Amino acid sequence: MRRRNNEIPVDVYIPFVETLFRDGATLAVGMVAQTVLIGVVWWKTAHPLYLVVALFMVLVATLRMRNFRKYNSLPAATTWEEAHKRENDYILYGTLHGLALGSFCLAGIYFAYDPFAEIASVCVTLASATSIAGRNYGSPRMVMIFTVTMTWAISLGFLLRGDFYHVFLGLLSAPFLYAIRKFADTVRDVLFTAVPEEKKANRIAQRFNRALNTMSHGLVMLGPDGRVAVANAEAAHLMSVKSPEALLGRSIHGLLMRGVAGGQLALKDCRYIEAQLTRALREGRDRKVLVSLANGQCLEFSAREGSQELGVITFEDVTARVAAEEKIRFMARYDGLTGLPNRAYFHEVAAECVLSGDRERLCALAVLDLDDFKSVNDTLGHPVGDGLIYAVAERLAAFASDAVKVSRFGGDEFMIYFDKVDDESHLKLMLDRMFAELQGEVDVAGHVLRIQASGGAVLGKVRESDVDAMIVKADLALYKAKESGKNSWQLFEAVMDAAFRNRQLMKADLRNAVEARALRVVYQPIVSMSTMRIASCEALCRWDHPELGPVSPATFIPLAEEMGIISDISTFVLQAACAECAKWPAPIGVSVNLSAKDFRDRDVVEKVRGALVASGLAPHRLEIEVTETALLDDKSSTRSYIEELKALGVRIALDDFGTGYSSLSYLHKLPLDKVKIDRSFLADVAQNPRSLKLLKGIVDLSRPLGLSVTVEGVETFEQLKILAVEVHPDLVQGFLFGSALSSSGIETMSNTVWPFAKDIGLARISARR
């Protein structure tokens, strides 16, 4: 910053100049007193010189006071130039004032000597000199001019008197001048230091005030007497007062009682909050108190002991935060679709119920699952499925009460906890009512859907109950209800638990068997209708349990699918079948059924290629059977994988043809080599002409498309004869040709002709065809 006037900073120089024009009233009083005294001397002495001095003083006083009024009416100076001009004006009229006083002294001591005039002039001048430093420290020039004009006249008058003593007094003016100048400099230095410090203090105070009043929190500071000493604007706003000053002097009790008086706070809440805050201030610990007001607003108070016996209380409006936390809590506890408690929160609520109340009472837990819900999602889409779940949740929510807790456990599964049950008949009555309420149709996005559900329930004494164990048992009962035909509910029985444990043990044993490659592969012959010889074989997996003996594929294959290890079994069968087929006579091939899960990953192509390379089997001797389930999962990717398999030279067969609603569409869309007609078409072909016509129609439909046909499930000679005479498939397969054989058994039977050929006149039929 630029400095002038003896290197004083401009921001200090300007305030110094402004001090020159302060307190004009005392200056006016002094000048009037001086003029009156000069007039009294003139009246006493009648000397015209005193009249001239008096008139001169009146003129100076008038001009000087006009100058004071002029600058007092203007805003404070803002530049150095403006301040310097004001200082010069002040010096001009101050100099005239000093000359007037000096003239009075010179006249009284020498030119118009009078004892009273001498004493009066010296006294009034010295009295005025005492104020030189105090009034004029802002201008060193003015201090010097005032000192010189007032003291030189006294010194000159004494010197002109000529005698030793008066000359001695005249010479003493020099140290007097020095003392006044030194005193003025001292005052100036002190104030020079004080002004910047004052500015600094003011800036700090302004920053503190700005920080205090721009806080998002309300803040009050309590003095040792427990009353508000400091408050900010936000505190005033939250307390509904006009300004922070309105809070000063109030106690905690007084502040809280404002809320009680306004109906926003209950008296008991006021007492609780006051106790908590007072305790926090007394103990010196932070303590937070959340307060909900009647208007829905939420305030959070925090108190702590401050320094110098000051207590600090802050509070803020946390309405939005509380609402957000409540929303998050709701989202964490409740299902987003149905609004029912979710799995975790239901478990928490049910566990609390189990641990409380009479330990001898009966409680129950039920699980409900929608029947065939997957088909709704697959055929109508997930939004429709969500609508169905919402409709079911609405009906179940009507039963919720303090004693009945309803939850959406996940997917299409609902869980219900009954806290107080009289007996088994009481539980049966409640569940029957629920199932009756669920029955019927519901309109979801224009689709009329019928609600069907299966359920499982468990009943027991509270002291013997555990929520997790109850859920497991209810699931077992649900599984039994599904097995029994769905659309009903079952109560848990001990035998279900035993079955479940056996099932879990079997799963573990199956996993171990798959990992140890302890399964075996057998081969069911596929016989040519034209030669009655084995043309190919279907590879089938078998599991010989070390304790239970042979386990039916109908048992362990669903278990493998449930466990997610069906692909491991498919890989094992594929590798074993390729290796064994490579040892058989060249005309005989092998057929391997891959699961739907296998066709969800492109690794299926590499899996087949690897098995062919490892075994050395010619690709055309391997046939991959694809089920309609695999095609339903993802038609586009499955088609792509099938085309890649065809590129390897492998043949593709559509297994269980006719069991799905859209099988016919696959015949011309997919690069198939063979169709395997499901055994269900052959079951009553001897008794039902419609079945025969349908069977013939499928064969007649397939041949023009270049597809060979295999009929599965041939179990009687009569069925075989009808096929030979009426249907004319290419291949047949079934127990009529014996049970599945080992690899060596197939090799042994490779050249065998079944005797049925002669019995059904096969040669004549073939010739006619």
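Just so you know, we're using my numbering here: the sequence shown kicks off at 1 and counts up by one.
All C-beta atoms in this analysis are idealised placements derived from N, C-alpha and C, irrespective of residue type, glycine included.
Nothing here was measured: the structure is a model prediction, and the numbers come from that model.
Same chain, Cβ closer than 8 Å to Val40, neighbours up to 5 away in sequence not counted: For Val40, where only same-chain residues beyond five positions count, the Cβ hits under 8 Å are Ala120.
Proximal residues to Val58 (C-beta, below 8 Å), its chain only, five neighbours per side dropped: For Val58, same chain residues with a beta-carbon under 8 Å away, outside a window of 5 residues either side, are Thr35 in chain order.
Need the endpoints of the alpha helix (DSSP H) that Thr571 sits in, please. Secondary structure note for Thr571: its alpha helix (DSSP H) is the uninterrupted segment 566-581.
Checking the sheet assignment: what are the DSSP bridge partners for Ile652? For Ile652, which the question treats as bridged, DSSP gives the partners Ile624.
Tell me, please, which residues DSSP counts as bridged to Met415. DSSP, once it has assigned bridges, lists Val367, Ser407 as partnering Met415.
Which parts of the region 297-380 are runs of the alpha helix (DSSP H), unbroken and 4 residues or longer, counting only runs that do not cross its ends? Counting only runs of 4 or more, we get 319-333, 343-355, 373-380.
Considering only the alpha carbon of each residue, which of Leu340, Val711, Lys486, Ala231 lies closest to Ala398? Ala398 has its Cα closest to that of Leu340, out of Leu340, Val711, Lys486, Ala231.
For Ser454, the three-state DSSP class (helix, strand or coil): Residue state, collapsed to three classes: strand.
Residue nearest to Arg542 in terms of C-alpha spacing, selected from Asn88, Pro550, Ala647: It is Pro550 whose Cα lies nearest to the Cα of Arg542.
Would you report the Cα separation of Val608 and Leu574, rounded to the nearest angstrom? Answer to the nearest angstrom: the Cα atoms are 8 Å apart.
Helix, strand or coil, according to DSSP, for Tyr520 in the structure here? Here residue 520 turns out to be Arg, not Tyr, going by the sequence shown. The answer is strand: DSSP assigns Arg520 an E or B state.
From Leu158 to Met142, what does the alpha carbon distance come to, in whole angstroms? The sequence shown places Phe at residue 158, not Leu. So the alpha carbons of these two residues sit roughly 24 Å apart.
What are the start and end residues of the beta strand (DSSP E) that includes Asp700? Not the beta strand (DSSP E): Asp700 falls in the alpha helix (DSSP H), residues 689-702.
Range covered by the alpha helix (DSSP H) that runs through Ser155: Segment 140-161, the alpha helix (DSSP H) holding Ser155.
For Ser708 versus Leu731, is the C-beta distance shorter than 8 Å? The answer is yes: Cβ separation under 8 Å.
Would you identify the three-state DSSP class for Asn6, choosing helix, strand or coil? Confidence in Asn6 is poor, its pLDDT being 48 and thus under 50, which makes the residue's placement unreliable; the coordinate value appears in the next sentence. Here Asn6 sits in coil by DSSP.
List the endpoints of the continuous beta strand (DSSP E) containing Ser536. For Ser536, the enclosing beta strand (DSSP E) covers residues 534-545.
State buried or exposed for Gly357, treating a residue as buried only when at least 16 other CB atoms are found within 10 Å of its CB. The residue in question, Gly357, is exposed, as its Cβ has fewer than 16 Cβ neighbours within 10 Å.
Just the Cα atoms here: how many angstroms apart are Thr627 and Asn502? Computed Cα separation, rounded: 30 Å.
Tell me, please, whether the region 358-370 touches the region 417-431 by the rule of three or more beta-carbon pairs shorter than 8 Å. Between the region 358-370 and the region 417-431, the count of Cβ pairs shorter than 8 Å is three or higher; the stretches touch.
I believe Phe315 touches Leu337 by the beta-carbon criterion, under 8 Å. Please report the beta-carbon distance rounded to the nearest angstrom. Their Cβ separation, rounded to whole angstroms, is 39 Å, which puts Phe315 and Leu337 out of contact at 8 Å.
Arg433 and Glu441 look like a contact to me (Cβ under 8 Å); what is the Cβ gap, rounded to whole Å? The pair is not a contact, with the Cβ atoms about 19 Å apart (cut-off 8 Å).
Is Lys268 helix, strand or coil when you go by DSSP? Helix at Lys268.
What do you reckon, are the CB atoms on Leu156 and Leu106 nearer than 8 Å? Yes, the pair counts as a contact, with Cβ atoms nearer than the cut-off.
To the nearest angstrom, how far is the alpha carbon of Ser662 from that of Ser702? Low confidence applies to Ser662: its pLDDT is 48, below 50, so where it sits in the model is not reliable, and the reading given next is rough at best. Ser662 and Ser702 have their alpha carbons spaced roughly 15 Å apart.
Tell me the DSSP secondary structure of Arg227 in three-state form. Note: Arg227 maps to strand in three-state DSSP.
Cβ neighbour criterion (16 or more within 10 Å) applied to Ile624: Its Cβ being crowded by 16 or more others within 10 Å, Ile624 is buried.
Applying the criterion that 16 or more other CB atoms from any shown protein chain within 10 Å of the CB defines a buried residue, is Ile204 buried or exposed? Within a 10 Å sphere around the beta-carbon of Ile204 sit fewer than 16 other beta-carbons, which makes this residue exposed.
If I measure Cβ to Cβ from Val685 and keep anything under 7 Å in the same chain, skipping five residues before and after, which residues do I get? Non-local beta-carbon contacts of Val685 in its own chain, meaning distances under 7 Å to residues more than five positions away in sequence, involve Ser691, Leu692, Leu695, Gln719, Ile722 in chain order.
By alpha-carbon positions, which one of Ile416, Ala445, Asp402 ends up nearest to Ala391? Nearest C-alpha to Ala391 among Ile416, Ala445, Asp402: Ala445.
Beta-carbon separation (whole angstroms), Pro729 vs Val711, contact threshold 8 Å: Rounded, the Cβ-Cβ distance is 5 Å, consistent with contact.
Expressed to the nearest angstrom, what Euclidean distance is found between the alpha-carbon atoms of Arg69 and Phe146? The alpha-carbon atoms of Arg69 and Phe146 are separated by roughly 21 Å.
Contacting residues, own chain, Cβ-Cβ under 7 Å from Ser750 (five flanking each side not counted): Cβ neighbours of Ser750 beyond the five flanking positions: Ile534, Trp584, Pro585, Ile588.
Option in Ser744, Glu413, Ala83 with minimal Cα separation from Pro9: Out of Ser744, Glu413, Ala83, Ala83 has the C-alpha closest to the C-alpha of Pro9.
DSSP three-state assignment for Phe220, whether helix, strand or coil: It should be noted that the sequence gives Val, not Phe, for residue 220. Of the three classes helix, strand and coil, the one that applies to Val220 here is strand, per DSSP.
Taking Val522 as the reference, give the member of Ser595, Ala740, Ser591, Leu594 with the closest Cα. Among Ser595, Ala740, Ser591, Leu594, the Cα nearest to that of Val522 belongs to Ala740.
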